[in-house]
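Engineer:
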Amino acid sequence: MSFRPRPVQTVFAALGMALLVGLGVWQLQRLQWKLGLIAKVEERIHESAAPFSGVLASWEGHQDTEYTPVVATGVFRNDLEAHVYGTLEGEAGYYIFTPLELSGADWPEGTFVYVNRGFAPLALKDPASRPDSEIDGPITVKGLFRSPEREGGIVKMVAAKDDPVSNFWHLRDPALFSKSAGIAALPAYIDSFGEENPAPWPRGGTTRVDFTNRHLEYALTWFGLAAALFAVWLAYSLKRR
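Numbering (the working numbering), first residue to last: 678 to 918.
(1) Measuring only the C-alpha atoms, how far is Ile-831 from Phe-680?
(2) Which value, in whole angstroms, describes the spacing of the CA atoms of Pro-808 and Phe-845?
(3) Cα separation between Ile-722 and Tyr-762?
(4) Using only the alpha-carbon positions, how far apart do Val-732 and Leu-757 sit?
(5) Excluding the 5 residues flanking Pro-815 on each side, which residues of the same chain have their C-beta closer than 8 Å to its C-beta?
(6) Is it buried or exposed for Val-747, if we count other Cβ within 10 angstroms and need 16 for buried?
(7) Spell out the partners DSSP gives Ser-679 in its beta bridges.
(8) When you compare the CB positions of Thr-883 and Phe-774, do they come within less than 8 Å of one another, or not?
(9) If you run the structure through DSSP and keep just helix, strand and coil, what is Thr-898?
(10) Under 8 Å Cβ to Cβ from Gly-787, same chain only, skipping five residues before and after it: list those, please.
(11) Would you check if there are 3 or more beta carbon pairs closer than 8 Å linking the segment 700 to 711 to the segment 906 to 916?
(12) What's the C-alpha gap between Gly-701 and Thr-898?
(13) Taking the alpha carbon of Pro-879 as the point to measure from, which residue in Glu-719, Ala-800, Tyr-866 has its own alpha carbon closest?
(14) Could you give the DSSP three-state label for Asn-890: helix, strand or coil?
(15) Measure the C-alpha to C-alpha separation of Thr-764 and Val-792 and round it to an integer number of angstroms.
The structure is reproduced here in structure tokens:
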């Protein structure tokens, strides 16, 4: 056998392998970034709760504030809660988003922030079926700062199924809830720890802090394709005498 690589095929093979290896290296870099992000969030969620107003200001200044523990005080408008369809431990139901009218010098009168108070089964969608869950009077809420979900891709198709009349939502977007309720709500919301809940439902403290991390899998795929391309090029370059 003799080794006789063809110039044109060699150039294209080299370019292809360079591209595939580059994509693999990029995925390894993304892997390191994702691991750093996960570690940062895991550390952040155990910090002491900060005033919601300050964290909101940082978020509006484009700083990374997702999953920051926050605290806010106000009065719940139980009559304006929004129901976001979801599941918990395999059971279908709704996440109860109740607007909290904020109190204190930081807030103009009539400023609301939606609080995700937690999960309730399908049978408990109607507030009348869980009267003990309603909280009257001033309350202090602790939870995690969250950015709104936005329409895009599959999420946009899902959002088309929102039904404001039936109070049935898929997107966790306070702008949608407040428009339907006729109130002025802040764009971010709070995932409550559930400490303020007087009844079993809604069940708070259900935030899932997890991130999809398949970058190593993707990197190995790109490197594998590069190796396969090299093998094909080598096979064509080896000729029997």
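No residue lacks a Cβ here, since even glycine has one placed at the ideal position from N, Cα and C. Small disclaimer: the values here were computed from a predicted structure and weren't measured.
Structural biologist: In terms of the structure at hand:
(1) Because Ile-831 carries a pLDDT of 48, less than 50, the predicted location of this residue cannot be relied on, and the following value inherits that uncertainty. Taking the CA atoms as reference points, Ile-831 sits about 51 Å from Phe-680.
(2) Roughly 20 Å separates the two Cα atoms.
(3) 25 Å
(4) 25 Å
(5) Thr-750, Gly-751, Val-752, Ser-780
(6) With 16 or more other Cβ atoms inside 10 Å of its own Cβ, Val-747 counts as buried.
(7) Lys-916
(8) Cβ distance not < 8 Å, so Thr-883 and Phe-774 don't count as in contact.
(9) Here DSSP, grouped into helix, strand and coil, assigns Thr-898 to helix.
(10) Glu-778, Ile-860, Ala-861
(11) no
(12) About 8 Å.
(13) Ala-800
(14) coil
(15) 18 Å
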